[in-house]
Structure formats: C-alpha cells, structure tokens
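Colleague:
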Ligand code: KG4
Ligand code: ZN
C-alpha cells in the first residue's frame, strides 16, 4: 500500500511516497530557511505563501521519484490505475496558514483520486522516523523528541501505542539552542551554528547548570539560557566557541541523563531520537555511547530524517489508516493539536 505524505507545518515543504509504512520510495524536502533567516525566525505569512508556491512542485517531484506521473499513474502507463492508495498530511500542531496548504492539497488529491485522506499529528510523525531506517528496531523504546517547538520523552510499545512520560516545563531544547545562538549573534537557525562552533571551543570553559528535575522525566532549559547570558555579561571577553561548547555540554548532559533514566524506568530495549535537535553531533555520539554502556539499542535516524520531512508523515498515516481508518474531509487543520 503506497501512501503519499505531505508536510507543511512550519518552514519545510515536503512530500514523500512510502510503501507499507516502512519503505521510502521517495522523499523530497524544500527548506525555506533562507527566506526566514534574515528575520531571525520563521515568519508565518512568508511560510504560508512559500508553501502555496512549493507544494505542488514538491508533490510532483516526490511522485516522479517514486516512478509515478503527476496524476499518480505509473510512468509510461498514463491510462493505468492511480498507484497511490491514500494521502496523508500533517494536520497539526503548527502554523495555521502553513498547515492549511498541506491539508487542502492532500484533501484535493484524495478526492480527485478517490482514495482516503489521513490527517496526521506532526509529533506522531516524528516517532516513525527511526522505524523507517531501522525496520528491526525492538520495542518498547523511549523516544527523545527534541525540536524547535517540543521536548518530550515518549514511551512507545508498538506503532500507534505510545504515551508522553516527560516534557519541557519552559523552553524546548531547540528553542534554547536558537535563543542562545541569537544572543551570541550566530544567526538562525541556531542549533547547527552552535553544533559547528562547539568543535572549536572548550566545554569546561564555564560550568553551566544542569537542571535534572529529580523524580520526574520533565525538563527545564530557561535557567541554562539565563546562565549563558549572565556569564557573557560578566566575562565580555569569552569566545563564542567556548560559550557554544559549554552550553552544548550542559544541554546534552541533561538530555542524555534524563533519556537513559526514562529508558531504565520503563524497561525500554532501546532509545530513538527524533526532531531537529537530534541532528546534533554531540547528542548523537553521547546517546550512542550511553546506550552501549547500558546494553540498550540506540536508533538515531539520519540527519535528514531527524528534521521535518514527509516520509515520517506518510508512515504515520499508513499505521493510523490501518488502526482507525480515514480522517473526515470535514476535519480542518489544528494549530495546537495535542499529543
Ligand atoms: O524538528 P525541526 O526541524 O522543526 C520543528 O521545530 O518542528 O527542529 C528545528 C530545531 C531548531 O531549533 C534548530 O536550531 C534545531 O532543531 N537544530 C539543531 C541542530 N540542527 C537543527 N539543534 C542542535 N544541533 C543541531 N545540529
Ligand atoms: Zn518537527
């Protein structure tokens, strides 16, 4: 069963074709990051307009890369049947104007092709990224979902069966990277810049707080951000390299320690990473090492699969369709859709 997935919740326009929720036949991502960089963050109106221009070309590219023409028929057999069995789109959470572009496009294609429409929760989508690359992944796992908008620990027993066991009480991990980077004048998005600069700095140059919030699986990062600001004010000569390295060491310490504690607590067999911050080189290395020492499997998806993409939406859509059927065409986009 082939599902076309469409993702437009934030600043990536993406489309993908995935077979049976497991095999990625194509995955195309067009990032708008350059359009937003000079404003220091995503500008919702610019995002919606860019999605409006990009969605159809990106969908067409994804269909072609999967061997289909723009009408969803096998290339070379234009009179043949539609080879897409369902169309899934991110219905929330995200920016309303951005979400509406993907949701409307998916519904229109589903209606034209006479196939089911599936509205997918973006965060649920992120849970499937590790599955797409590690089909032998053994459950249950704990997923550390760390993006620009969310930081969560999720226990997952089976596709479609999961619960959030921890979340941030203030800033998301990606938000902390972005805010510290902005303060240091490193531009947007901040995570990749801090990741890169850290390699040239001394992580011991400052000792920033590690908020472990003992007794819960929740996180808090706003104190860390404030500590960086206070340190730079008190030591104006510090280098960005040292601050990036010391900040990254603190946030990664917390993410790794809390993820391993959660995995131990729920008896997980492995740990998955998801979300943009999962592209962080130190986090990936440290999680792999800690899991190795604890006898747990470590499943960091490729960097392309960590950040927003539509393959994960198509995979989530496939399992959702099997479990609970299609989504009504009357269902809209839900910017604050709960997990
Ligand atoms: O999942 P994502 O692509 O978008 C959503 O927020 O849904 O995540 C974007 C976030 C940004 O905050 C960005 O700074 C962060 O992921 N990020 C990183 C790295 N690459 C992206 N953070 C740390 N290290 C990285 N290498
Ligand atoms: Zn995301």
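Residue numbers (the working numbering): 1 to 339.
Cβ atoms here follow ideal geometry from the backbone N, Cα and C, with glycine treated the same way.
1) Considering only DSSP beta bridges, list what residue 168 is partnered with.
2) Whole angstroms are fine: how far does the CA of residue 130 sit from the CA of residue 208?
3) Using a Cβ-Cβ cutoff of less than 8 Å, which residues in the same chain neighbour residue 163 once the five nearest sequence positions on both sides are dropped?
4) Considering only C-alpha positions, which residue in the set 86, 98, 292, 74 is nearest to residue 327?
5) Taking residue 99 as the reference, give the member of 232, 313, 194 with the closest Cα.
6) Short of 8 Å in beta carbon distance, which residues of its chain neighbour residue 212, apart from the five on each side in sequence? Order them along the chain.
7) Mapping DSSP to helix, strand and coil, what is residue 330?
8) Let's see if you can read the secondary structure: which residues bound the beta strand (DSSP E) around residue 96?
9) Any contact between the region 114-123 and the region 25-45? By contact I mean 3 or more CB pairs, one from each, below 8 Å.
10) Find out if the Cβ-Cβ distance for the pair residue 374, residue 198 is shorter than 8 Å.
11) For my contact list, residue 17 and residue 320 are in at a C-beta cut-off of 8 Å; report their separation, rounded to the angstrom.
12) Around the Cβ of residue 33, are there at least 16 other Cβ atoms within 10 angstroms (buried) or fewer (exposed)?
13) Can you tell me the Cα-Cα spacing of residue 40 and residue 11, whole angstroms?
14) What distance in whole Å lies between the Cβ atoms of residue 145 and residue 109, which are believed to be in contact at a cut-off of 8 Å?
15) For residue 300, is the classification buried or exposed, using 16 other Cβ atoms within 10 angstroms of its Cβ as the cut-off for buried?
16) Is it true that the CB of residue 284 sits closer than 8 Å to the CB of residue 296?
17) Would you list the one or two residues that DSSP bridges to residue 162?
18) Give every residue of the same chain whose Cβ lies closer than 7 Å to the Cβ of residue 317, excluding the five residues on either side of it in the sequence, and list them in chain order.
19) Please state the DSSP three-state secondary structure of residue 272.
20) Got a sec? Which residues, its chain only, sit under 7 Å from residue 202 by beta carbon, not counting five neighbours each side?
21) Just reading off the beta strand (DSSP E) that residue 240 is part of, what are its end residues?
Modeller: So, from the data block:
1) Here residue 168 refers to the residue found at position 168 of the chain shown. DSSP lists 219 as partners of residue 168.
2) As a working mapping, residue 208 is identified with position 208 in the chain shown. As a working mapping, residue 130 is identified with position 130 in the chain shown. For residue 208 and residue 130, the distance between alpha carbons rounds to 31 Å.
3) Numbered from its first residue, the chain shown carries residue 163 at position 163. Excluding residues within five positions, the ones whose Cβ falls inside 8 Å are 154, 155.
4) Within the chain shown, numbered from 1, the residue matching residue 327 stands at position 327. Measuring C-alpha to C-alpha distances from residue 327 to each of 86, 98, 292, 74 identifies 86 as the nearest.
5) Working through the chain shown from its first residue, we reach residue 99 at position 99. Nearest option by C-alpha distance: 313.
6) Residue numbering aside, residue 212 sits at position 212 when the chain shown is read from its first letter. Listed in chain order, the non-local C-beta contacts of residue 212 below 8 Å within the same chain comprise 254, 257, 258, local neighbours out to five positions each way being set aside.
7) For this step, residue 330 is matched to residue 330 along the chain shown. If DSSP states are grouped into helix, strand and coil, residue 330 belongs with coil.
8) Your numbering for residue 96 matches position 96 in the chain shown. Bounds of any beta strand (DSSP E) do not take in residue 96; it lies within the alpha helix (DSSP H) bounded by 96-113.
9) The answer is no - the region 25-45 does not touch the region 114-123, with fewer than three Cβ pairs under 8 Å.
10) Within the shown structure, residues of the chain are numbered from 1 to 339, placing residue 374 beyond reach of any answer.
11) In the chain shown, counting from the first residue as 1, residue 17 sits at position 17. In the chain shown, counting from the first residue as 1, residue 320 sits at position 320. In fact, because the Cβ distance is near 17 Å, the residues do not count as touching under 8 Å.
12) Numbered from its first residue, the chain shown carries residue 33 at position 33. Around the CB of residue 33, fewer than 16 other CB atoms lie within 10 Å, so the residue is classed as exposed.
13) Along the chain shown, one-based indexing puts residue 40 at 40. Along the chain shown, one-based indexing puts residue 11 at 11. Each residue's alpha carbon lies about 13 Å from the other.
14) Counting from 1 along the chain shown, the entry for residue 109 is found at position 109. Counting from 1 along the chain shown, the entry for residue 145 is found at position 145. No, residue 109 and residue 145 are not in contact; Cβ-Cβ is about 28 Å, not under 8 Å.
15) On the chain shown, residue 300 is found 300 positions in, with the first residue counted as 1. By the 16-neighbour rule on beta-carbons within 10 angstroms, residue 300 is buried.
16) Numbered from its first residue, the chain shown carries residue 296 at position 296. Numbered from its first residue, the chain shown carries residue 284 at position 284. Contact: no.
17) As a first step, residue 162 is located in the chain shown; it is residue number 162 there, counting from the start. Residue 162 pairs with 156.
18) What you label residue 317 is simply residue 317 of the chain shown in a count that begins at 1. Cβ neighbours of residue 317 beyond the five flanking positions: 3, 5, 86, 88, 118, 120.
19) In the chain shown, residue 272 corresponds to position 272, counting from 1. DSSP places residue 272 in strand when its eight states are reduced to three.
20) Within the chain shown, the letter at position 202 stands for residue 202. So the qualifying residues of the chain are 242, 245.
21) On the chain shown, residue 240 is found 240 positions in, with the first residue counted as 1. Here residue 240 belongs to no beta strand (DSSP E); instead the alpha helix (DSSP H) covers 240-266.
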